[in-house]
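*Asks:* Structure incoming, see below.
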Amino acid sequence: MKIGFAGLGVMGAPMAGHLVQAGHDVAGFNRSPGKARAWAEATNGRFAATVPEAAAGAQLFILCVGNDDDVREVVTAALPALTAGAIIVDHTTASARVAREMAALAAGQGVLFIDAPVSGGQAGAENGQLSVMAGGDAAALAQIEPVLMHYAKAVRHMGPAGSGQLTKMVNQIAIAGVVQGLAEAVHFARTAGLDTDAVYDAVSKGAAQSWQMDNRWKTAAAGQFDFGFAVDWMRKDLGLVLDEARANGAHLALTALVDQFYSEVQAMGGARWDTSSLAARLQARERR
193 MKIGFAGLGV
203 MGAPMAGHLV
213 QAGHDVAGFN
223 RSPGKARAWA
233 EATNGRFAAT
243 VPEAAAGAQL
253 FILCVGNDDD
263 VREVVTAALP
273 ALTAGAIIVD
283 HTTASARVAR
293 EMAALAAGQG
303 VLFIDAPVSG
313 GQAGAENGQL
323 SVMAGGDAAA
333 LAQIEPVLMH
343 YAKAVRHMGP
353 AGSGQLTKMV
363 NQIAIAGVVQ
373 GLAEAVHFAR
383 TAGLDTDAVY
393 DAVSKGAAQS
403 WQMDNRWKTA
413 AAGQFDFGFA
423 VDWMRKDLGL
433 VLDEARANGA
443 HLALTALVDQ
453 FYSEVQAMGG
463 ARWDTSSLAA
473 RLQARERR
């Protein structure tokens, strides 16, 4: 399949690389041309200097960019270069509103738009183990699902345009609560004078077990936060969640509180620390 891919960051670059490895003809664009050239050289993909160049003649156009404005800019630039019947898949974590806008815009030009945010982080992208939650035309998703499975372990259709983004918001709400609980558990264990490794061994095989506990307990207890999903990105995502909640009437007291805690982590200099750094603000209190 001829594919255009825009956004070759820590997520997009490995995702696009998997497509090249699978034998697809992939043209990669990044707003920093050096990254796109490096990606093309590393993968034998094609370098595209502009979005229209990446989209030209593509049956499938994929983007994984930063925010709503980026999505609008890239999709608007790509549409004139795409032929009727092409499919756009947006892996950006963005608002449900922009997903609906882009779906309507694309439909006006005979192109299908699928909002398909992912979960699994950089490691999931590199290992081809992402979970994809998608909104939009179910038949179009089924058509390109075998392509997405080159970097995903699961693809799930969630409903009409915007449903993928809403599902990703649910994912981030759940993570925010779990990571705060983990931070408080580590903090309590330390202040109680317990051996945190022994505590992990004792509680991680029971009802308290979670992905966050298995992957972030020991590093959080050691004050190591320089990997994983960055606080800046999580705050962007929680901002989308809280905006949507204000519109639909959902009550998200814990999510709003955790977002406030992340702002404190940013003020500590932790903007690029991973999300388990909620433990850092509690560890700072231990030292007072």
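Counting in the working numbering, the sequence shown runs from 193 upward without gaps. C-beta atoms are modelled at their ideal positions from N, C-alpha and C, and glycine is treated no differently. Quick caveat: nothing in here was measured; it's all calculated off a predicted structure.
(1) Whole angstroms are fine: how far does the CA of Gly328 sit from the CA of Gly220?
(2) Grab me the residues of Phe177's own chain with a C-beta within less than 6 Å of its C-beta, minus the 5 sequence neighbours each way, in chain order.
(3) Return the CA-CA distance between Val347 and Ala228, expressed in angstroms with no decimal places.
(4) Kindly identify the DSSP beta-bridge partner or partners of Asp282.
(5) Check Leu274 in the structure and name its three-state DSSP category.
(6) With H, G and I counted as helix, E and B as strand and the rest as coil, what does DSSP make of His443?
(7) Is it a yes or a no for the region 356-374 touching the region 385-395, going by three-plus beta-carbon pairs under 8 Å?
(8) Here's the rule I'm using: 16 or more other beta-carbon atoms within 10 Å means buried, otherwise exposed. How should Ser224 be labelled?
(9) Is it buried or exposed, Lys360, if we count other Cβ atoms within 10 angstroms and call 16 or more buried?
(10) In the DSSP output, which residue or residues are listed as bridge partners for Lys194?
(11) Helix, strand or coil for Lys345 per DSSP?
(12) Considering Cα atoms alone, identify which of Thr235, Ser287, Val339 and Ala332 is closest to Gly277.
(13) Out of Ala439, Leu358, Val371 and Tyr343, which has the shortest C-alpha to C-alpha gap to Ala205?
(14) For Val423, collect the residues of the same chain with a Cβ closer than 8 Å to its Cβ; drop the 5 residues on either side in sequence, then sort them by chain order.
*Replies:* On the basis of the supplied data:
(1) Reading the sequence shown from its first residue, position 28 is the one you call residue 220. Reading the sequence shown from its first residue, position 136 is the one you call residue 328. If I take the Cα positions, the gap works out to 24 Å.
(2) Residue 177 cannot be examined here, being either before or after the span of the chain that is shown, 193 to 480.
(3) The count along the sequence shown starts at 1 and reaches residue 347 at position 155. The count along the sequence shown starts at 1 and reaches residue 228 at position 36. If you draw a straight line from the Cα of Val347 to the Cα of Ala228, it is about 27 Å long.
(4) In the sequence shown, residue 282 corresponds to position 90, counting from 1. Beta-bridge pairing links Asp282 to Leu255 and Asp307.
(5) Position 82 of the sequence shown, counting from 1, holds the residue named residue 274. Here Leu274 sits in coil by DSSP.
(6) Position 251 of the sequence shown, counted from the start, is the residue given in the question as residue 443. Note: His443 maps to coil in three-state DSSP.
(7) No, they do not touch.
(8) Residue 224 sits at position 32 when you count from the first residue of the sequence shown. Around the beta carbon of Ser224, fewer than 16 other beta carbons lie within 10 angstroms, which makes this residue exposed.
(9) On the sequence shown, position 168 is the one that residue 360 refers to. So Lys360 ends up on the buried side.
(10) For this step, residue 194 is matched to residue 2 along the sequence shown. In DSSP, Lys194 forms a bridge with Asp217.
(11) What you label residue 345 is simply residue 153 of the sequence shown in a count that begins at 1. In the three-state reduction of the DSSP assignment, Lys345 falls in the strand class, which pools E and B.
(12) As a first step, residue 277 must be located in the sequence shown, where it is residue number 85. Ranking Thr235, Ser287, Val339 and Ala332 by Cα distance to Gly277 puts Ala332 first.
(13) Position 13 of the sequence shown holds residue 205. Of all alpha-carbon atoms in Ala439, Leu358, Val371 and Tyr343, the one lying nearest the alpha-carbon of Ala205 is that of Tyr343.
(14) On the sequence shown, position 231 is the one that residue 423 refers to. Taken in chain order, the residues that qualify are Tyr454, Val457, Gln458, Gly462, Ala463, Arg464, Trp465, Asp466, Thr467 and Ser469.
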